[in-house]
Structure formats: C-alpha cells, structure tokens
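Trainee:
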Amino acid sequence: MTKTLLMNANLFDGNHDDFQANSFIGFNNEDGRIIETGQGTATATYDQTFDLHGQFLMPGMINAHSHITSGPTGMTSADARFETPAWQTQFAMKNMKSLLENGITYTRSVGVANDIDIAISAMQREGFITGAGVIASGGAFTMTGGHFSESSHEVDSPDEMRKGVRQLLKMGAKNIKFMATGGVSWDGETPNDIQLTEAEMRAGVIEAHHKGIPVAAHAQGNEGIKNAVRAGVDSIEHGFYIDDEAVELMLEHGTTLVPTLNAMWAIINRGQGLLPDWMMEKATGHWLAHKASVEKAAKAGIPIAMGTDAGTPFNDFANDSMWELELMQTQSNLTPLQILQSATRNGAKLLRIDGDYGTLETGKFADFIITEKSPLTDLKQLQGEKLVFQHGTQRAGETLVELSQTVAQ
1 MTKTLLMNAN
11 LFDGNHDDFQ
21 ANSFIGFNNE
31 DGRIIETGQG
41 TATATYDQTF
51 DLHGQFLMPG
61 MINAHSHITS
71 GPTGMTSADA
81 RFETPAWQTQ
91 FAMKNMKSLL
101 ENGITYTRSV
111 GVANDIDIAI
121 SAMQREGFIT
131 GAGVIASGGA
141 FTMTGGHFSE
151 SSHEVDSPDE
161 MRKGVRQLLK
171 MGAKNIKFMA
181 TGGVSWDGET
191 PNDIQLTEAE
201 MRAGVIEAHH
211 KGIPVAAHAQ
221 GNEGIKNAVR
231 AGVDSIEHGF
241 YIDDEAVELM
251 LEHGTTLVPT
261 LNAMWAIINR
271 GQGLLPDWMM
281 EKATGHWLAH
291 KASVEKAAKA
301 GIPIAMGTDA
311 GTPFNDFAND
321 SMWELELMQT
331 QSNLTPLQIL
341 QSATRNGAKL
351 LRIDGDYGTL
361 ETGKFADFII
371 TEKSPLTDLK
381 QLQGEKLVFQ
391 HGTQRAGETL
401 VELSQTVAQ
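Once you know that position 255 of the sequence shown is 255 in full-length UniProt numbering, the rest is easy, because the numbers rise by one and skip nothing.
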C-alpha cells in the first residue's frame with residue numbers, strides 16, 4: 001500500500017476562505033482517499049514525499065451542467081445523426097477525458113438521447129473509461145413538442161411523469177432533469193414559454209426525492225422558474241429572468257442556480273455566420289437579462305454551482321469550464337471566492353456527492369488541482385498549465401519530482 005505526501009503547499013481545502021500556507025495533503029494511492037491535510041508537519045508515515053515549493057493546491061472542480069455525449073456541432077438539429085449509442089459513447093469518452101485533463105474531475109450530465117449516460121457513468125466508475133466522473137440523468141423530461149423533445153422523454157400529466165421518473169431511477173439515473181420552459185437553441189419557442197406544469201414537475205420531484213436523487217430544471221423565463229422552484233427542484237439551470245419573488249422562493253426552498261453563462265456567450269461570440277439567425281437573435285436578446293439575473297441571485301445569497309452547458313453550440317469540454325469562471329467574474333461580478341466555491345463544494349453538495357468530493361478532507365477522494373499562482377488572486381491561473389489528480393492518480397500536467405530524488409540531485 002503506497003502512501004504519498006505533498007508538502008509545502010498553499011492549500012485551499014474548500015472549507016476555509018483562502019489558501020493556507022505551509023500546508024500538506026497525504027493520500028493513499030491504492031484507494032485514492034485522503035489520509036490527512038493540515039498545516040505544518042504531517043503525522044502519518046509516507047512512502048513518497050513531494051515538495052510543492054509553495055504552489056497552490058485546491059479541490060478538483062465540478063461542472064454541474066454538461067451534455068457529455070454531444071458531437072462536434074453541439075446540441076442542434078444538425079447533430080441528430082450522432083444520436084446513436086455508438087457515436088454517443090465515442091464522443092462521451094473524448095469529452096470526459098477533456099474535462100478531466102483540464103481540471104474538471106466530476107460533471108453532471110443533464111440530458112442525453114437514449115439514456116446512455118447512465119451506462120457510461122457506470123463504465124467510468126468501474127475503470128473502463130478514464131475521464132471525469134459522471135452523475136447521469138438519462139434523457140430529460142419535456143412536454144410533448146417541448147424543449148429538445150426529439151431526444152427527451154415526453155410526458156403530459158403527473159402520472160406520466162411519475163412513471164417516467166421511476167423508470168429512469170430503475171435504470172440507475174442519479175439526477176433527474178425537467179424542461180420547465182422553452183429555450184434558445186431550439187426553434188419555434190422562446191425562453192419565456194412555460195412548458196412542464198408545476199403539478200407535473202412536483203410528481204417527478206416526489207419520486208426522485210424518495211430515492212434521495214436531486215432534480216434539475218431547465219428554466220429560463222421567470223414564471224417557469226417559479227413553477228419549478230415551487231415544485232421542489234434542487235437547481236434552476238440558466239435562470240435568465242429572476243425577479244424578486246423568484247429570489248425569495250429560491251432562498252426559501254434552498255434552490256441552487258447553475259448559470260451556464262458560456263452557453264449564451266459562445267453562441268453570440270462564436271456563432272456569427274455559422275448558426276441560424278433565430279438562435280443568434282434569441283441569444284443576443286436575452287444575454288443582458290441573463291447575466292444580470294446571475295449577479296442578482298449571487299448577491300441575494302442563492303447558492304451558485306458552476307456549469308457550462310458543454311455540448312451546446314461552440315461550447316467545448318476542454319477550455320470552457322475555466323472560461324465560465326471568468327464570465328462569472330467579468331459579466332456577473334461574482335467574487336473569486338464565490339466562484340471557486342461554486343466549482344467545488346457547492347457543486348458537490350448539489351450533486352449529493354459531498355461525502356466524497358468538493359472539499360479536501362480526511363476520508364474524501366484525493367481529487368485536486370495544482371497551479372503556480374493563486375486562483376483567488378487571478379482566476380486565469382486555472383486556464384493555464386496545471387496538475388490534475390483524480391483519486392490520487394495524476395491525470396494531467398508535468399510529473400512531480402519526489403523529494404528524495406531532488407535532495408539526491
């Protein structure tokens with residue numbers, strides 16, 4: 001049983017509000033779990049020790065909103081030919097690897113065709129796929145003809161929702177996704193369109209919560225957001241129009257907001273001349289309200305969890321999680337601390353994996369990132385070169401040199 005110690009680090013464990021100097025983290029390489037963390041001198045005995053020379057170490061990040069099976073064109077009608085299990089599995093393997101190599105050690109897949117992310121998640125857990133861990137939702141639930149109806153489960157009553165959710169839970173889904181409103185990247189609807197009813201969503205929430213499974217709602221327009229919150233969902237995805245009543249409801253219910261700012265930003269800034277006019281017009285028309293609502297929610301104390309909507313047009317798995325962090329700062333004025341918390345402990349709590357992930361504590365998995373400088377001082381540090389560890393195994397970055405070897409040289 002090999003045990004590894006990383007010493008002389010600046011450590012952001014997710015529980016403190018800053019990086020703690022002269023810190024260490026020790027972990028077991030066999031089971032990938034943390035033995036101890038702290039400042040000063042470690043108490044356990046280790047087989048190998050590495051001096052980080054004051055580098056900055058923080059928890060691996062969580063992207064709480066992705067579509068891991070998406071192909072190269074993103075989630076549009078042009079992508080339909082790729083919605084077969086063979087294509088989806090191939091894309092998922094690539095996308096999960098890209099997420100991991102760029103510091104995302106866990107993600108939540110919130111809506112794919114064929115419910116295939118459930119099996120893909122199991123394959124990753126059992127070691128057949130190297131990549132970010134996945135909380136799988138299977139296909140989303142939408143009304144007949146609703147948002148992404150072609151790749152979702154269509155339901156039109158509380159009873160249909162109840163049965164559909166039970167079926168996905170039977171398959172092994174660890175999250176449930178609803179379409180409460182229309183959206184930007186689907187033609188013939190608007191973000192303000194109300195789709196699934198409060199009663200339909202409530203029936204699904206009850207079933208999911210019976211099994212301890214969280215529920216996410218795609219909700220952009222104000223009335224749809226409030227319907228979803230009153231129905232008891234755990235998170236609002238996107239949240240373009242959040243009024244004062246919605247803020248109070250979200251605070252009352254403990255609802256998390258997953259902003260996915262990059263989904264809109266990417267369409268506007270990367271889609272010109274490549275995406276349909278109707279999509280460009282919707283994205284441009286709702287962008288100012290979107291980023292203002294995110295700022296409003298954060299200032300009110302609504303929990304924020306980072307998510308990108310990766311897999312939507314020009315919204316990639318390699319770089320855009322870190323870009324989302326910058327957008328949260330530059331477009332919605334979140335503080336660096338709020339942003340790091342959104343990508344670590346808040347995401348883990350929302351996904352209900354905070355017993356193992358999200359903070360660096362004894363007994364949790366050794367998922368962490370190492371950077372040269374402090375991300376609390378400069379978030380761009382997370383966009384550059386970094387070392388990435390998952391369950392104590394290095395997955396990206398330069399190889400560390402063992403302290404004994406350094407001394408010998």
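Yeah, the Cβ is synthetic: ideal placement off N, Cα and C, and Gly gets one too.
Roughly how far, in whole angstroms, is the beta-carbon of ILE225 from the beta-carbon of GLY239, given that I think they are within contact range, below 8 Å?
Mentor: 6 Å
Trainee: Which two residues bound the contiguous alpha helix (DSSP H) that contains ASP316?
Mentor: It is not in any alpha helix (DSSP H) - ASP316 carries neither H nor E in the DSSP assignment.
Trainee: Along the alpha helix (DSSP H) that carries HIS286, what are the first and last residues, could you check?
Mentor: That run of the alpha helix (DSSP H) goes 277–300.
Trainee: Can you round the beta-carbon distance between HIS67 and PRO191 to whole angstroms, since I take them to be within the 8 Å contact cut?
Mentor: With a Cβ gap of about 18 Å, HIS67 and PRO191 do not count as contacting.
Trainee: In chain order, which beta strand (DSSP E) runs of at least 3 residues are fully inside the stretch 319–404?
Mentor: With a minimum length of 3 residues, the continuous beta strand (DSSP E) runs that stay inside the stretch 319–404 are 368–371, 387–390 and 393–396.
Trainee: Check whether the Cβ atoms of PHE64 and ALA305 lie closer than 7 Å to each other.
Mentor: Position check: residue 64 holds Ala in this sequence, whereas Phe was assumed. Yes, the pair counts as a contact, with Cβ atoms nearer than the cut-off.
Trainee: Could you spell out the range, first to last residue, of the alpha helix (DSSP H) harbouring ILE129?
Mentor: Premise fails: ILE129 is in no alpha helix (DSSP H) and is neither H nor E.
Trainee: With C-beta atoms as the reference, is SER332 less than 7 Å away from VAL294?
Mentor: yes
Trainee: Of all the options ASP47, ARG345 and LYS170, which has the alpha carbon lying nearest to the alpha carbon of GLU361?
Mentor: ARG345
Trainee: Whose C-beta lies closer than 8 Å to the C-beta of MET171 among residues of the same chain, with five residues either side of it excluded?
Mentor: ASP115, ILE118 and GLY138
Trainee: Taking the straight line between their C-alpha atoms, what separation do you get for ILE120 and VAL112?
Mentor: 11 Å
Trainee: Report the CB separation of LEU340 from PHE12 in whole angstroms; it is logged as a contact under 8 Å.
Mentor: 7 Å
Trainee: Can you give the Cα-Cα distance for ILE194 and ALA283, rounded to whole angstroms?
Mentor: 18 Å
Trainee: Within a Cβ cutoff of 8 Å, which residues of the same chain sit near SER404, ignoring the five residues on either side of it in sequence?
Mentor: Because SER404 sits at a pLDDT of 48, beneath the cut-off of 50, its placement in the model cannot be relied upon, and the following sentence gives the value as read from the coordinates. Hits under 8 Å: GLN48 and THR49.
Trainee: For GLY103, does the count of other Cβ atoms within 10 angstroms reach 16, so buried, or fall short, so exposed?
Mentor: buried
Trainee: Measure from the alpha carbon of LYS3 to the alpha carbon of each residue in PHE24, GLU30 and LEU100, then state which is nearest.
Mentor: Among PHE24, GLU30 and LEU100, the Cα nearest to that of LYS3 is on GLU30.
Trainee: Kindly identify the DSSP beta-bridge partner or partners of GLN220.
Mentor: Note: GLN220 sits in no beta bridge, so no partner.
Trainee: Locate the alpha helix (DSSP H) running through HIS238, then write down its first and last residues.
Mentor: In the DSSP assignment, HIS238 falls outside any alpha helix (DSSP H) and lies within the beta strand (DSSP E) extending over 235–238.
Trainee: Leaving out the 5 sequence neighbours to the left and right, which residues in its chain are closer than 6 Å to LYS364 when beta-carbon positions are compared?
Mentor: Answer for LYS364: ILE34 and ASP356, listed in chain order.
Trainee: Count the other CB atoms within 10 Å of the CB of LYS291; is the residue buried (16 or more) or exposed (fewer)?
Mentor: buried
Trainee: Compare the C-alpha of ASP378 against each of ALA246, GLN394, LEU325 and HIS53 and name the closest.
Mentor: LEU325
Trainee: For VAL155, which residues in the same chain have their Cβ closer than 6 Å to its Cβ, ignoring the five residues on either side in sequence?
Mentor: PHE141, MET161 and GLY164
Trainee: Tell me the rounded alpha-carbon separation between GLN220 and THR260.
Mentor: 11 Å
Trainee: Given this structure, state the Cα-to-Cα distance separating GLN409 from PRO85, to the nearest angstrom.
Mentor: Low confidence applies to GLN409: its pLDDT is 32, below 50, so where it sits in the model is not reliable, and the reading given next is rough at best. Whole-angstrom Cα-Cα distance: 52 Å.
Trainee: In chain order, which continuous runs of the alpha helix (DSSP H) of length 4 or greater are located wholly inside the stretch 96–179?
Mentor: 117–125 and 158–171
Trainee: Within the continuous alpha helix (DSSP H) that includes LEU249, where are the two ends?
Mentor: 244–253
Trainee: Using the rule of at least 16 other Cβ atoms within 10 Å of the residue's Cβ for burial, across every protein chain shown, is GLY127 buried or exposed?
Mentor: Exposed, by the Cβ-count rule.
Trainee: Counting C-beta neighbours from all protein chains within 10 Å, is the total for MET96 16 or more, i.e. buried, or is it exposed?
Mentor: buried
Trainee: Among residues of its own chain, excluding the 5 on either side of GLN39, which ones have a beta-carbon nearer than 7 Å to its beta-carbon?
Mentor: GLN20, ASN22 and SER23
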